[in-house]
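Quick notes on the structure that follows.
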Amino acid sequence: MPDAIIWCQWEELTALCEYLPNSPCKMACFVVIRERCFSLKGRPAGHACASVYRLSEKGARMSLQEVRVPWEPLKAFTQQVFQQAGVPPRDAETEAEVLIWANLRGVDSHGVLRIPWYIELIDAGQMNPRPHIQVVKETPATLLIDADYALGPVVTTFAMQRVMEKARATGIGWGLIRNTTHQGAMGYYALMAAQADMAGLAIVCSPPNMAPYGAKAAGVHNSPIAIAVPANRHRPLILDMATSVVAGGKLRLAIDKGVAIPEGWALDKEGNPTTDPHQAVTLLPFGGPKGSGLALMFECLTSIMVGNPLLEPTLWGQETVRRHRQNSVVAAIAIETFTDVAGYKDHIDKVIDGLKALPKADGVKEILVPGEVEDQVYQDRIQHGIPLPEGTVRNLRRVAERFHLPLPPGL
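Following this line, the structure appears as structure tokens:
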């Protein structure tokens, strides 16, 4: 918690911030973290706020602080970045939409902190800003798409739209994508189907980054899966999870926040457990053999199915230089093919109500269902802005400087 909250004119706060971080640390001093304040009530008109923190008398390093940035300017900034990187405006808008959606729902590991990495991939020729996306094979219910290393959200939204069309016509649509790049939060695509009164599914696979159960080196990918179904009174149920204990982006987020990671998340390059996100190179599966077993089967349903295996080349030493790429499944099921949609959604509501009415374990305030926490975070952030750690802010400022773009308010 801050030692104090101060109000002042923005120009005064700027001047104050320029001075205070340079104060000698031999004695107790203050550090002011600049931010536009959206969450605190009572803000005087035309004023900004600052959270004031006290360093120890020895000048001990604080953990990195966060600022709040309004989501709409941040989304516009994100779109401008990708346009400057050579992405067509419509595709840049799609990329920005998916990244900001993740941030708004509290999935910061798949939000704008990814921007610098995506730009690096574009620079390295591993992400194609202007791809030639092709439907290679197609049946009334299925399709295979070659993404030509497109930005993941661009090809995945296209694929989900196509399988939803097939589901309307045949009852189910199943799409495979090969040679795509990082797709962001997979729940976004599953939710597209749920919002159209369908069940949605999305799975992604990449080269190895997770140790299978019993190993101390990467052999599978922490392949995420997302499933979404519609409800009536409640928000859609959205399960979006990796097969690792945490998503790989959580390591990036820990670096940006300047904090350690919990034990059991990852291994270092020697295969030893680590709590240092800078040293973490191999993720660990959730549930031991369950997580790594799911990851292996997802590779069988995606990469091997499209003739583009991603685990085998690494396991057999055939790939010495790692190239970023992904393969994916997206699917939609038309609920009306099997049952009455209104009745289905009513049953989902009743299941949710029943689960939340169960006796709570000691220390539990509320029983939550998949997607509920993210929905609550969304309501806060849509009004008060998206919190970004100092490391993310610093990286985004570098991107803005490179492309000569103005920063959104608060950044």
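Residue numbers for the sequence shown follow our numbering, so the first one is 715 and each next one is one higher. Backbone N, C-alpha and C fix where the C-beta goes; we use that ideal spot for every residue, glycine too. All of these numbers come straight from a predicted model, not from anything done at the bench.
- Thinking C-beta only, is D860 closer than 9 Å to R882? Here R882 is not near D860, since their CB atoms are 9 Å or more apart.
What do you reckon, are the CB atoms on I814 and K789 nearer than 9 Å? In contact: I814 and K789 (Cβ atoms closer than 9 Å).
| Do T870 and S1042 come within 9 Å of each other at the CB atom, strictly closer than that value? | Yes; because the gap between Cβ atoms is below 9 Å, this pair is in contact.
Taking C-beta to C-beta, are M924 and L997 nearer than 9 Å? Result yes, Cβ atoms of M924 and L997 sit closer than 9 Å.
- Query: If you pair each beta-carbon of the segment 905 to 915 with each one of the segment 972 to 987, do three or more pairs fall below 8 Å?
  - Reply: Verdict: no, contact absent.
**Asked** What is the residue span of the beta strand (DSSP E) that E780 lies within?
**Response** Where E780 is concerned, the enclosing beta strand (DSSP E) starts and stops at E780 to V783.
D1067 to G1077, Cα distance in whole Å? Looking at the two C-alpha atoms, the distance is approximately 20 Å.
* To do: Take the Cβ of W785 as the centre, count every other Cβ of all protein chains shown within 10 Å, and call the residue buried at 16 or more, exposed below.
  => Around the Cβ of W785, a 10 Å sphere holds 16 or more other Cβ atoms; the residue is buried.
Worksheet item: Are the segment 929 to 941 and the segment 991 to 1008 touching by the rule of at least three beta carbon pairs closer than 8 Å?
Response: Between the segment 929 to 941 and the segment 991 to 1008, the count of C-beta pairs closer than 8 Å reaches three or more; the two stretches touch.
Close beta carbons around T1016, own chain, < 7 Å, minus the five adjacent residues each side: Within the same chain, T1016 has close Cβ partners L890, I917, C919, N1041, S1042 and V1043.
*asked:* Between Q798 and F1117, how many whole angstroms is the CB-CB distance? I'm expecting something under 8 Å.
replied: In this structure Q798 touches F1117 by the C-beta definition: roughly 4 Å separates them, less than 8 Å.
Going straight from the alpha carbon of V795 to that of A1071, what length do you get? Our two residues, V795 and A1071, have alpha carbons roughly 46 Å apart in a direct line.
Worksheet item: Just how far apart, CA to CA, sit A1075 and P843?
Response: Taking the straight line joining both Cα atoms gives about 50 Å.
Practice task
Following the continuous beta strand (DSSP E) through C888, name the residue where it begins and the one where it ends.
Solution key: Contrary to the premise, residue 888 reads as Trp rather than Cys in this sequence. According to the DSSP assignment, W888 belongs to the beta strand (DSSP E) that extends over I886 to T894.
Handout entry: Where G668 falls: helix, strand or coil (DSSP)
Key = This structure cannot settle anything about residue 668, because the visible part of the chain is limited to 715 through 1125.
With C-beta atoms as the reference, is G898 less than 9 Å away from V812? Yes. Within cutoff.
query: How would you label K740, buried or exposed, when you count the other beta carbons within 10 angstroms and need 16 or more for buried?
result: Here the model assigns K740 a pLDDT of 25, short of 50, so the residue's position is not dependable and the matter cannot be decided.
- Three-pair Cβ contact test at 8 Å for the segment 1098 to 1107 versus the segment 964 to 976: Between the segment 1098 to 1107 and the segment 964 to 976, the count of C-beta pairs closer than 8 Å reaches three or more; the two stretches touch.
| task | Pull up the DSSP beta-bridge partners for N655, would you. | result | Absent from the structure is residue 655, since the part of the chain shown begins at 715 and ends at 1125.
Could you give the DSSP three-state label for S958: helix, strand or coil?
Taken through DSSP and simplified to helix, strand or coil, S958 comes out as strand.
**Study point:** Environment of V783 [buried if 16+ CB atoms lie within 10 Å]
**Key:** Classification of V783: buried, given that the 10 Å Cβ count is 16 or more.
message: Please return the same chain residues whose Cβ sits closer than 6 Å to the Cβ of R1095, not counting the five positions on each side in sequence.
response: Non-local C-beta neighbours of R1095 in its own chain, meaning closer than 6 Å and more than five positions away in sequence, comprise L818, ordered along the chain.
- Look at the alpha carbon of V781 and the alpha carbon of K971, and state the distance between them as a whole number of angstroms. Near 11 Å, if we compare the C-alpha coordinates of K971 and V781.
Just verifying my parser: in three-state terms, what is the DSSP assignment at A1075? Three-state result, A1075: coil.
- Neighbourhood of G1005 by C-beta, 6 Å cutoff - its chain only, sequence neighbours within 5 removed: If we look at G1005 and ignore the five residues flanking it on each side, its Cβ neighbours are T957 and P999.
### Query
What residue ranges within the segment 981 to 1064 form continuous alpha helix (DSSP H) runs of no fewer than 4 residues, ordered along the chain?
DSSP runs (the alpha helix (DSSP H)) wholly in the segment 981 to 1064: 1003 to 1015 and 1026 to 1029.
Q | Proximity to A1009 [Cα-Cα], best of H846, A1114, E834 and M955 | A | Considering only alpha carbons, the answer is M955.
Determine which residues share a DSSP beta bridge with P1103 and list them.
-> Looking at the DSSP assignment, P1103 forms a beta bridge with E780.
**Request:** Compute the distance between the beta-carbons of P1084 and I952, then report whether it is under 9 Å.
**Result:** Against a cut-off of 9 Å, the Cβ pair of I952 and P1084 comes out as a contact.
**Q.** Of the listed residues R1037, R947, V960 and P1122, nearest to H896 (C-alpha basis)
**A.** When each option's Cα is compared against that of H896, the closest is R1037.
Query - Residues bridged to L953 [DSSP beta-bridge criterion] - result: According to DSSP, which records beta bridges pairwise, L953 is partnered with I941.
Inter-residue spacing [alpha-carbon to alpha-carbon] between T1130 and P1073: Absent from the model: residue 1130. The displayed extent of the chain is 715 to 1125, so no value can be given.
Do M900 and P944 have their CB atoms nearer than 9 Å?
No. Outside cutoff.
Point to revise | For L858, the residue or residues it bridges with in DSSP | key: For L858, DSSP records a beta bridge to K851 and L890.
Worksheet item: Quick one, which of A864, A1048 and Q840 has its alpha-carbon nearest I886's?
Response: Ranking A864, A1048 and Q840 by Cα distance to I886 puts A1048 first.
Item checked: Pairwise C-alpha distance: V801 and N1022 -> Cα to Cα, N1022 sits roughly 26 Å from V801.
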